[in-house]
Amino acid sequence: MQETPKRPRGRPQQRSDEETRRLILEAATRIFLAQGFGGTSMEAVAQAAGVSKKTIYRFVDTKEHLLEAVIDARSEALRSPIGHDAGPDPAAAKQALRQFLQELARLVLSEETVALNRLIYAESLRFPEMAKAFYQAGPVRNAEALAAWLETQRRHGMLRFEDSMSMARMLVSMAIAEPLRAATLGVAPLPTPAETDHRVDEAVEIFLHGCLVGR
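Here the sequence shown stands for residues 192 to 406, where the numbers follow the numbering used here.
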């Protein structure tokens with residue numbers, strides 16, 4: 192008779208907090224997009240993630256904060272590339288700006304982000320705190336990251352402008368606002384990667400020719 196393998200003793204290995212958080216955010220994203228903000232419950236997210244509600248509340252205390260965490264996780268990767276100081280080098284500054292806007296455009300001009308935008312716009316009047324969380328975690332934080340980099344370049348004597356945050360918002364709008372609006376309304380398809388890169392290149396050229404200090 193063949194012996195049945197014995198189970199190892201001790202407690203089963205637990206997931207790390209990082210892995211647990213990832214599972215929760217992935218499940219929350221799916222349910223928010225499928226059910227809408229009002230139709231999403233913490234119970235449903237917990238079940239989809241394979242965790243308890245108590246575990247979710249270790250990371251976030253409200254559904255608004257859960258949505259903010261979903262959006263913030265999507266934005267997190269964007270805040271690193273533009274954080275590198277290009278120094279007083281026009282070519283390096285141009286490349287850093289172009290890279291940041293390309294990565295931002297690829298994230299924002301995606302099917303999932305467009306679906307999130309539709310969700311927010313459809314339910315913003317019913318759930319103003321949700322809309323505020325979306326705006327803060329996405330557009331505001333991305334603009335803040337770019338504004339901080341622009342301010343550094345101004346201190347290097349590379350750029351001239353009056354307000355870095357206003358400039359960052361205008362630059363982001365040049366790169367993505369119109370394609371995002373058209374796709375969200377369903378009146379035009381999302382641009383191809385080549386079309387997106389071309390739009391970013393033009394936005395960078397327009398910006399730098401308007402703000403670059405003559406040398």
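We put the beta carbon where it would ideally sit given N, CA and C, even for glycine.
Item, Value
"Cβ separation of LEU310 and GLY227, assumed to be a contact under 8 angstroms, to the nearest whole Å", "6 angstroms"
"Contact under 9 angstroms by Cβ, ARG372 with ASP263", "no"
"For LEU350, three-class secondary structure by DSSP", "strand"
"Backbone CA spacing between ARG212 and LEU295 [nearest angstrom]", "23 angstroms"
"Test item: CB-CB of ARG317 and GLY229 under 9 angstroms", "yes"
"Assigned secondary structure, ARG202 (DSSP; H/G/I helix, E/B strand, else coil)", "Caution applies to ARG202, whose pLDDT of 49 falls short of 50 and renders its modelled position unreliable; the value that the coordinates give is listed next. Of the three classes helix, strand and coil, the one that applies to ARG202 here is coil, per DSSP."
"Touching by the beta-carbon criterion (3+ pairs, under 8 angstroms), the region 279-289 and the region 312-328", "no"
"CB of ALA338 within 9 angstroms of CB of GLU259, strictly", "no"
"Status (buried if at least 16 other CB within 10 Å, exposed otherwise) for LYS245", "exposed"
"Extent of the continuous alpha helix (DSSP H) to which GLN286 belongs", "281-299"
"Nonlocal neighbours in the same chain, by C-beta distance under 7 angstroms from SER357, ignoring five residues either side", "none"
"Every unbroken alpha helix (DSSP H) inside the region 323-348 [4 residues or more]", "332-346"
"Euclidean distance between Cα positions of ALA313 and GLY348", "44 angstroms"
"Exposure of SER243, with buried meaning 16 or more beta-carbon neighbours within 10 Å", "exposed"
"Straight-line Cα distance separating LYS254 from LEU341", "34 angstroms"
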